[in-house]
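In terms of numbering that gives the first Met the number 0, the sequence shown has 161 at position 162, counting the first letter as 1, and numbering is strictly consecutive.
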Amino acid sequence: MKQELLAPAGNLQKLKLAFYYGADAVYLGGKSFSLRTFADNFTDEELQEGIEFAHARGKKVYVAANIFARNADFPRLEEHFRLLESLKADAVLISDPGVFSLCKRVAPSLPVHISTQANTLNAEAARFWYEQGASRVVLARELSVGEIAAIHAAAPALELEAFVHGAMCISYSGRCYMSDYMDGRPANRGACVQACRRGYRVQTRESTSQDFYDVEEDGKAAYVMNSKDLNMSAHLSDLAAAGVCSFKIEGRMKGEFYLATVVNAYRRIMDEGLSDALSAELLNSSHRPYTTAYELNEGGMSQSVDSTQTGGMYDFIGIVTDMVGANAVVEMRGRFREGEELEILSPSASFGKTFAVKGLLDAEGNACADAKLVQARYILPCPYPLHEGDILRRRK
């Protein structure tokens, strides 16, 4: 069985970029009902365009509707499921049993995947969802590879999806109430403010004294709830052997450079095998320190004691939007100048090639030594083949 590479798509442009860099499928959300309301997300018209774009290329689209629903949500959920069925979405992601029941009733031909929010941790739960009509379960992140294998052995006909890369929630499979309690924004309805990433100062009091003492980790605060990022790139074969059919990358809120870098690396790892160079690729965009977390029984070592992410080894300089003869039209994302060396990020053989900026022109065709206008278009000769969607980056 060939494993699926599943990428996040926060908007239509990222959907197309994910497929360009090698994703087999994407997961996304509409304007309601998914757990990433701060992502751009998709209008109904964009959902149709995205699904048609994917299917024309033999790719798949899974739509998240994995909030923990209230009574008032159900009339609109019914409309949403009917729409997804009519658009021939490849699956809908659901957490709530009531929402599951509604979907099976009003959109019976729409495949259902059980979201990681449903906390599927054992074979009995997996078998239960399969018997109810779910075609796939997105496993809880607290499972080890051995536990995943046991679930697959007990329910071999059920597809298993597992996260392999990206940010993790310190709360149990994402069931967190801190955001709601502290800021009035419910994480379980998609409005998480990531309160776990903040610094905290824990105070203790002696029974005989009213004095308080600050407990700090680094002189600033204690990041007691901040998790490292998951990275299972070296263990994909273990997950495949355990029965995982879909390798999922986290990041609907992440930018285009992160998406292209990570999807490109995992596509190449899956097709070519892991190398030092591809392992290093996963250091090139922003990330927290990496961990294998629970999957290799390292959950107790997944805390990150720093509040910040590293910015990665490269700056995002621009994305190719068109070709004019041998010249690339580049939408600028980071300032660059004549004479600087740039590197190509691409799913093609041009990946990793470097070249010096020479003969730079602005959008009107005038000579330009300094590309300094953000999102302006510049015309750039390149000695290597470039294509729409290729990214230019510069080593820091």
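All C-beta atoms in this analysis are idealised placements derived from N, C-alpha and C, irrespective of residue type, glycine included.
(request) Inspect the CB distances between the region 230 to 243 and the region 153 to 164 and report whether three or more fall short of 8 Å. (result) yes
(message) Which complete alpha helix (DSSP H) runs does the region 94 to 171 hold, if anything under 4 residues is left out?
(response) Scanning the region 94 to 171 for uninterrupted alpha helix (DSSP H) segments of 4 residues or longer gives 96 to 105, 122 to 131, 144 to 153, listed from N- to C-terminal end.
(request) Spell out whether any CB of chain D is found under 8 Å from the CB atom of V91. (result) Among the protein chains of the structure shown there is no chain D, as only one such chain exists.
(request) Give me the Cβ distance between E387 and D314, rounded to the nearest whole Å; I'm assuming they're in contact under 8 Å. (result) Not a contact, Cβ separation roughly 21 Å.
(message) Across the region 84 to 99 and the region 58 to 75, are there enough close Cβ pairs to call them in contact, namely three or more that are closer than 8 Å?
(response) yes
(message) Quick check on this structure: which residue in E123, Q116, N118, F73 has the alpha carbon closest to the alpha carbon of G102?
(response) A small correction: the amino acid at residue 102 is Cys; Gly does not occupy that position in the sequence shown. The option with the nearest alpha carbon to C102 is F73.
(request) Note the first and the last residue of the continuous beta strand (DSSP E) segment covering A327. (result) 326 to 331
(message) Using CA atoms only, rank isn't needed, just tell me which of S114, F80, E84 is closest to A133.
(response) The option with the nearest alpha carbon to A133 is S114.
(request) Mind reading off the beta-carbon distance from R287 to K227? Whole number of angstroms is fine, and I expect it under 8 Å. (result) 5 Å
(message) Going by DSSP, what residue range makes up the alpha helix (DSSP H) through A279?
(response) 275 to 280
(request) Rounded to whole angstroms, what's the CA-CA distance from S108 to R135? Just pull it up for me. (result) The straight-line gap separating the alpha-carbon atoms of S108 and R135 is approximately 15 Å.
(message) According to DSSP, simplified to helix, strand and coil, what is Y19?
(response) Y19 falls in the helix class under three-state DSSP.
(request) Can you check the region 332 to 358 for any beta strand (DSSP E) of at least 3 residues that lies completely inside it and give the ranges in chain order? (result) 340 to 344, 353 to 355
(request) Measure the CB-CB distance between S117 and I150 and report whether it falls below 8 Å. (result) Inspection of the sequence shows that residue 117 is occupied by Ala rather than by Ser. When the beta-carbon positions are compared, A117 and I150 stay at least 8 Å from each other.
(message) Between the alpha carbons of L295 and L120, how many angstroms are there, rounded?
(response) 15 Å
(message) Using CA atoms only, rank isn't needed, just tell me which of L385, F256, G311, Y289 is closest to V323.
(response) L385
(message) Once DSSP output is grouped into helix, strand and coil, what is the label at F246?
(response) strand
(message) Give me the residue from F127, F18, F67, I378 with the minimum Cα distance to N326.
(response) I378
(request) In the DSSP assignment, find the unbroken beta strand (DSSP E) run with P7 in it and report its ends. (result) 3 to 7
(request) Reducing DSSP to helix, strand and coil, say where I390 ends up. (result) strand
(request) Pick helix, strand or coil for D39, following the three-state DSSP scheme. (result) coil
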